[in-house]
Structures are given as C-alpha cells and as structure tokens.
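Asker: Residue numbers (our numbering): 721 to 975.
Starting off with a structure, shown below.
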Amino acid sequence: MSPSTDINLTQGERAAQAGEYVLGLLEGADRVAFEQQLESDAELTATVESWRRHFAGIDATATPLAPSPALWSRIEAELATLTENAAPAQAAKTAVRKAAPSAGSRLSAWWNSLFVWRGAALAGALAAILLAIGLNGALDRARRQPVMVAVLLTEASVAAAVVNTFADGRVEMVPLQAIHVPEGKALEIWTLWDRAVGPRSVGLIERARSTSLRLDQLPLGKDQLFEITLEPATGSPTGRPTGPIVAKGTTAQTL
C-alpha cells in the first residue's frame, strides 16, 4: 500500500499502514509520502503513537545479555595495575619538577617512561575490551532482531499480537493486549502459506501470552498468513480452524 493513495484507504488499511511505518517496513517514496501525510493528519499521528505504545511491550521481552565474570575480572586486574603504577609515577613527576630540567630532558624522560607506555598499552587493552563488549552486544541485538514480522489485527483493526520470525528459525508470538478466553476454550495459532494445502496449527495456548510457534518443517516466507482462533481447550477437533477468528495478519520483511 502506498501512502500517496491515503484518501482511498479504509480505516483498517490506514491503521495497518501506520503499524508498518512504526515497524520500519515502509521505505523509499512510500515512507516519504507517509511522513508528509503525518504532518497534516492528526488522526493518523495518533494511530502511529498508539502503535508505538503497543510495540513498546516487545522490547521488554528481550533478555539482557550480561558480560561473563571472566571479562570483568580482566578489566579489574588491568585497572589495579594502573593504580599501582600511578603512585611511583606521581613521585617521579614531582622530582622532575623540582629538578627543573630542560625541555629536551623532559621530553627524553617522557619518551623513556615505562609508565607512559604501560598506560598506553592499558588504554589499548581497555579499548579492545570495550570494543569486544560492543561487538558482542551488537551481535546479540542482531540475533534478537526479527527478519520478518506479522501484525495480527482484530476485526476492528486493533493490533492484538505480533508474530516475529528470526534468522535462526525461531518463530514467536507476542500478544499486545489481553484477549478474553472463555472457560473450556483456548487460543490456537495457525499459519497458511498455500490455500491448496490449507492452514496448519502451530500453537495452542490457554491465555494470551508470549509463546514459541512450532513451524519445524513448514514453509515460512513473505505474505504468509498467521491467525488466532478460539477453539476447544484441547484444540480444534478437525485439524482446521473451527472457532471465530480473534486476529490475523501476514508477514512482511523488516528493513
């Protein structure tokens, strides 16, 4: 959908487009046109902010990655060495000042100072350690960044859940709001990639919660349908959706 045709979109399509914008799925001319529309459309701006509040909950599901104890021990050891060398160096500096040597002598003393070179080496080591921490963090964030996302909308075009797919094959569903489940019922998650094959169940949960989906040997690609239906507590008796559809949406590639 192109924002340039915004006047022809239904409310549901406008809401879905706003969700795509927040997720970073709009690009190029579509993104520019959408942002121009935002400048004069208060209702669309409010919809974007609503999406941002919904997706804020996804960030809270990321597990923090703590540095290993060995890494901190190495940093502490290097800092201790620096502290031990600081006192003798300060005393030497005071003595040099009292002697008031020439500029050439001061330069020579600085050049031959073991403390200076130890400090430089330590600075380099700390920089390497911090770089390693940064790279590990970046790699971890990359692993947690989904490669495809499906926003599941209710009939009222309200975001009820998000399905995230990752490069390592993991697929998870994260609810964005509470979903009422009557007693004796459960939420069943389905995926459909080929109408000739029909939908396949990939998860069954008793309440709205984050859950991993079982796609094992099933295909997974762009524009693949995911939906949630209300089924008996033990799951659909036919192997196909039988209850009302709670929410549905198709996958799109992230930028």
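The beta carbon of each residue, even a glycine, is placed where N, CA and C say it ideally should be.
Could you check if Leu746 is buried or exposed, using at least 16 other CB atoms within 10 Å of its CB as the buried criterion?
Answerer: Here residue 746 is taken as the residue at index 26 of the sequence shown, counted from 1. It is buried - the Cβ of Leu746 has at least 16 other Cβ atoms within 10 Å.
Asker: Using the Cα positions of Thr958 and Thr971, report the straight-line distance between them to the nearest angstrom.
Answerer: Mapped onto the sequence shown, residue 958 falls at position 238. Mapped onto the sequence shown, residue 971 falls at position 251. Cα to Cα, the separation comes out at about 26 Å.
Asker: Under the assumption that His774 contacts Ala870 (Cβ atoms under 8 Å), give the Cβ distance between them as a whole number of angstroms.
Answerer: As a first step, residue 774 must be located in the sequence shown, where it is residue number 54. As a first step, residue 870 must be located in the sequence shown, where it is residue number 150. Rounded, the Cβ-Cβ distance is 14 Å, inconsistent with contact.
Asker: What residue range is occupied by the uninterrupted beta strand (DSSP E) comprising Gln973?
Answerer: Counting from one through the sequence shown, the residue named residue 973 turns up at place 253. First-last of the beta strand (DSSP E) with Gln973: 965-973.
Asker: Across the stretch 950-966 and the stretch 930-938, are there enough close Cβ pairs to call them in contact, namely three or more that are closer than 8 Å?
Answerer: Output reads no: the stretch 930-938 does not touch the stretch 950-966.
Asker: Flag this pair as yes or no: are the beta carbons of Gly739 and Trp771 separated by less than 8 Å?
Answerer: Residue numbering aside, residue 739 sits at position 19 when the sequence shown is read from its first letter. Residue numbering aside, residue 771 sits at position 51 when the sequence shown is read from its first letter. Contact: yes.
Asker: Comparing C-alpha positions only, which one of Asp943, Val966, Met868, Ser930 sits nearest to Ser877?
Answerer: Locating residue 877 in the sequence shown gives position 157, counting from the first residue. Measuring from the Cα of Ser877, the nearest candidate turns out to be Val966.
Asker: When burial is assigned at 16 or more other CB atoms within 10 Å of the CB, is Ala887 buried or exposed?
Answerer: Your numbering for residue 887 matches position 167 in the sequence shown. Exposed.
Asker: Sorted by chain position, which residues of the same chain lie with C-beta nearer than 6 Å to Tyr741's C-beta, five sequence neighbours on each side aside?
Answerer: For the purposes of this step, residue 741 is taken as residue 21 along the sequence shown, with counting starting at 1. Once the five neighbours on either side are set aside, the close Cβ partners of Tyr741 are Phe754.
Asker: In whole angstroms, give me the CA-to-CA distance for Gly904 and Met893.
Answerer: Within the sequence shown, the letter at position 184 stands for residue 904. Within the sequence shown, the letter at position 173 stands for residue 893. Straight-line Cα distance between these residues: approximately 22 Å.
Asker: Using 8 Å for Cβ pairs, my map puts Leu907 next to Lys968. What's the rounded Cβ distance?
Answerer: Here residue 907 is taken as the residue at index 187 of the sequence shown, counted from 1. Here residue 968 is taken as the residue at index 248 of the sequence shown, counted from 1. Actually they are not in contact, since the Cβ atoms of Leu907 and Lys968 sit about 13 Å apart, beyond 8 Å.
Asker: Restricting to Cα atoms, I'd like to know which of Glu947, Ala898, Gln731 is closest to Gly923.
Answerer: Here residue 923 is taken as the residue at index 203 of the sequence shown, counted from 1. Nearest of Glu947, Ala898, Gln731 to Gly923, Cα basis: Glu947.
Asker: Please report the straight-line C-alpha distance between Thr962 and Arg927, rounded to a whole angstrom.
Answerer: Taking the first residue of the sequence shown as 1, we reach residue 962 at position 242. Taking the first residue of the sequence shown as 1, we reach residue 927 at position 207. For Thr962 and Arg927, the distance between alpha carbons rounds to 18 Å.
Asker: Whole angstroms is fine: what's the gap from Gln897's alpha carbon to Ala881's?
Answerer: On the sequence shown, position 177 is the one that residue 897 refers to. On the sequence shown, position 161 is the one that residue 881 refers to. The alpha-carbon atoms of Gln897 and Ala881 are separated by roughly 7 Å.
Asker: Starting from Glu755, trace the alpha helix (DSSP H) in both directions and tell me its first and last residue.
Answerer: Counting from one through the sequence shown, the residue named residue 755 turns up at place 35. Taken as a continuous stretch (DSSP letters only), the alpha helix (DSSP H) holding Glu755 covers 748-760.
Asker: Restricting to Cα atoms, I'd like to know which of Ala797, Leu940, Val901, Asn884 is closest to Trp913.
Answerer: Indexing the sequence shown from 1 puts residue 913 at position 193. Nearest C-alpha to Trp913: Leu940.
Asker: Hey, how far is the Cα of Thr767 from the Cα of Pro919?
Answerer: Taking the sequence shown and counting its residues from 1, one reaches residue 767 at position 47. Taking the sequence shown and counting its residues from 1, one reaches residue 919 at position 199. Cα to Cα, Thr767 sits roughly 31 Å from Pro919.
Asker: In chain order, what residues of the same chain have a beta carbon less than 7 Å from the beta carbon of Gln731, not counting five sequence neighbours either side?
Answerer: Numbered from 1 along the sequence shown, position 11 holds the residue referred to as residue 731. Ser877.
Asker: Between which two residues does the beta strand (DSSP E) carrying Ala870 extend?
Answerer: The sequence position of residue 870 within the sequence shown is 150, counting from 1. 868-873 is the span of the beta strand (DSSP E), which, as asked, contains Ala870.
Asker: Buried or exposed: where does Gln865 fall if 16 or more other Cβ atoms within 10 Å of its Cβ makes it buried?
Answerer: Taking the first residue of the sequence shown as position 1, residue 865 is located at position 145. It is exposed - the Cβ of Gln865 has fewer than 16 other Cβ atoms within 10 Å.
Asker: Does the separation of the CB atoms of Gln756 and Met868 fall below 8 Å?
Answerer: For the purposes of this step, residue 756 is taken as the residue at position 36 of the sequence shown. For the purposes of this step, residue 868 is taken as the residue at position 148 of the sequence shown. No, they are not a contact pair.
Asker: Could you tell me which residues DSSP pairs with Arg920 in its beta bridges?
Answerer: On the sequence shown, residue 920 is found 200 positions in, with the first residue counted as 1. Arg920 pairs with Thr911.
Asker: Would Arg929 and Pro964 be called neighbours here (beta carbons separated by less than 8 Å)?
Answerer: Taking the first residue of the sequence shown as 1, we reach residue 929 at position 209. Taking the first residue of the sequence shown as 1, we reach residue 964 at position 244. No, Cβ-Cβ distance for Arg929 and Pro964 is not below 8 Å.
Asker: Between the alpha carbons of Val1018 and Glu951, how many angstroms are there, rounded?
Answerer: The structure shown does not extend to residue 1018, since the chain spans only 721 to 975, so no value can be given for it.
Asker: In the DSSP assignment, the alpha helix (DSSP H) including Glu951 goes from what residue to what residue?
Answerer: To locate residue 951, count along the sequence shown from 1; it is residue 231. That residue, Glu951, is in no alpha helix (DSSP H); its beta strand (DSSP E) goes 945-952.
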